[in-house]
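The structure appears right after this line, and notes come after that.
Below you can see the structure in the form of structure tokens.
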């Protein structure tokens with residue numbers, strides 16, 4: 003006689019939402035708030051949902067970060083809903099696994115080596131100083147829009163070798179449209195946010211393909227030339243990776259805006275940091291600057307989740323996430339856990355000091371651009387982002403003062419990244435130190 007056994011597993015707490023739609027509408031409206039409320043309601047680091055037509059588990063926390071980068075359980079290929087993957091244009095690093103991912107990442111990292119970053123520093127400094135000089139003459143500015151221009155100009159100059167001009171301006175406009183499409187409902191009809199995002203993607207990829215052809219013919223000292231040098235990456239692969247890199251570099255504008263906001267809110271931090279940046283021209287000799295940058299990265303919302311897919315059942319916190327589910331690792335809640343950070347709701351750069359080192363309490367306590375080694379799925383531009391933030395902050399405090407008139411500083415959570423509703427209106431003035 004044959005006896006069969008059924009092993010019962012406990013699914014994560016949560017709900018499926020509406021038929022077909024699931025909880026997609028709530029997620030799209032404010033993914034950060036959706037995740038925060040669901041985690042709080044379900045009392046842990048994991049909950050289930052139905053988002054974008056897929057069975058979904060959302061996980062958060064340092065332990066969950068370690069599980070998320072375990073390639074024996076979690077894969078990236080096929081992890082994104084098709085409409086999200088469409089906005090990336092194809093199979094770039096966030097959607098690759100195994101040897102294919104390792105080989106591609108090796109080539110992309112050549113654009114972010116120590117030598118490469120050192121060669122970008124003069125471009126970053128000159129561009130940032132030029133923008134500050136212009137802002138000081140402009141009267142009131144909308145700093146969010148200006149920071150978008152600054153970020154894309156730096157990333158395009160350093161990585162693509164693209165000069166300031168009409169092509170760069172069009173690229174910036176297209177990336178704004180494309181990023182708004184990530185949180186849009188996947189309705190590909192004329193006039194919808196998603197259709198506009200797809201059209202922007204096509205224009206972006208055309209620009210990237212032109213850049214690749216130009217650098218194949220005439221290599222230069224930019225990141226793209228470094229990626230192409232070995233010949234291991236095809237033209238189309240290079241264009242897709244450029245697209246991914248520019249997305250990651252462009253959204254740093256939100257962290258630059260967060261620097262301004264936090265230094266305005268915390269004059270004690272601003273005064274201490276201003277004294278330090280006057281003491282040395284070497285960024286490596288400015289430890290408090292690095293602490294402030296890390297604290298801004300910890301508290302600044304950029305993207306709500308990183309996409310994965312379970313290829314084996316995953317046990318976590320006494321529940322089991324079935325194989326084949328979309329797995330979303332939530333970044334912001336992972337940096338707000340009381341078990342790792344003391345008073346995580348406070349802006350406190352000293353938590354990153356050698357004496358406290360709260361980010362060292364767990365291997366994956368601080369993962370603003372992904373967990374694990376840089377050869378894995380961590381963002382390759384981690385150090386470039388830090389350079390951009392360090393230069394911006396040093397130029398600001400060494401030579402300028404600023405005033406933020408009364409305005410609405412609340413964030414529009416439907417945008418990626420969320421942005422201040424009144425655009426961070428500001429008046430920038432050259433100080434006596436400029």
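Residue numbers (this note's numbering): 3 to 436.
Idealized CB from N, CA, C, for every residue including glycine.
- For residue 338, the secondary structure class from DSSP, reduced to helix, strand or coil, is coil.
- Restricting attention to 428, 59, 100 and 17, the CA atom closest to the CA of residue 266 is found in 428.
- Bridge partners of residue 311 according to DSSP: 77 and 328.
- Using a Cβ distance threshold of 8 Å, residue 318 and residue 62 do not count as a contacting pair.
- Around residue 109, the same chain offers 229, 232, 234 and 235 as residues with beta carbons nearer than 7 Å, after the five sequence neighbours per side are excluded.
- Of the candidates 72, 161 and 18, 161 places its Cα closest to the Cα of residue 222.
- Of the candidates 95, 410 and 87, 95 places its Cα closest to the Cα of residue 382.
- A Cβ-Cβ contact shorter than 8 Å links residue 97 with residue 78.
- Residue pairing by DSSP places residue 421 opposite 414 in a beta bridge.
- The residues 275, 276 and 279, in chain order, have a CB closer than 7 Å to that of residue 399 in the same chain once the five nearest residues on each side in sequence are set aside.
- Residue 363 sits close to residue 342, with the two beta carbons spaced by under 8 Å.
- Counting only the Cα atoms, residue 217 lies some 13 Å from residue 209.
- Here residue 290 carries a helix assignment [DSSP, helix/strand/coil].
- When the five nearest sequence neighbours on each side are left out, the beta carbons in the same chain lying within less than 7 Å of the beta carbon of residue 250 are those of 381 and 383, in order along the chain.
- Beta bridge pairing from DSSP links residue 49 with 60.
- Between residue 80 and residue 324, the alpha-carbon positions lie close to 16 Å from each other.
- A contact between stretches requires three or more CB pairs, one per stretch, nearer than 8 Å, and the segment 240–247 fails this requirement with the segment 128–135.
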